[in-house]
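The structure appears right after this line, and notes come after that.
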Amino acid sequence: MDIVRDLKDLSQFKPNSIEEIYASHVLEHTTKKNCLEVLKYINRILIPGGKFYISVPNMDVLCALFINPKATYNVKFSLMRMMFGGQIDDYDYHYFGWNYDFMAQYLTQANFTNFKKVNSLGLFNDMSEIRAYGHLISLNIIASKQLK
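Sequence positions in the sequence shown follow my numbering and run 92 to 239.
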């Protein structure tokens, strides 16, 4: 069953009740202030061994492409929108830029003990698979809640 919900309010779910959560290009829309709380709540509602599939824009890749001396104005403008959101409506803003080091730190603080970076989450052909200028621009991570 698919459920679309605000990540700041997952109160309808009991602790240890969800097997998998998929969040593709969602966490960057959460403020830095709320990120750790959201990740802790996700960990709390996952069953032991439950999986959290995460995809966010990879700031390391986007920044490297942006500072490339061969990048044209249009390329840089496109990359900037990937970094900060398209800003076409009130919800299309990115509040936080992620790279692996930031994500690993936050996942650790949220009590995830097992997580790994992957090229593909292998679930959907969506933003997690998108390439820009020949480069995968998403940081894809599979995190698991610790088994009891």
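Just so it is clear, CB atoms sit at the ideal spot from N, CA and C, and this is done for glycine as well. If you're wondering where the values come from, they're calculated on a predicted model, not measured in any experiment.
- Beta-bridge annotation (DSSP): PRO148 is paired with SER229.
- Nearest C-alpha to LEU214 among ASN165, TYR186, ILE145: ILE145.
- Non-local beta-carbon contacts of ARG135 in its own chain, meaning distances under 6 Å to residues more than five positions away in sequence, involve PRO106 in chain order.
- Residue nearest to VAL166 within the set TYR224, LEU98, ILE133 is TYR224 (criterion: CA-CA distance).
- Rounded to whole angstroms, the Cβ separation of GLU119 and PHE187 is 6 Å, and the two are in contact under 8 Å.
- Distance from the CA atom of ILE179 to the CA atom of VAL95, rounded to whole angstroms, is 21 Å.
- Of the other Cβ atoms in all chains shown, 16 or more fall within 10 Å of the Cβ of ILE228; this residue is therefore buried.
- Taken in chain order, the unbroken stretches of beta strand (DSSP E) that lie wholly in the region 120-206 and span 3 residues or more are 137-148.
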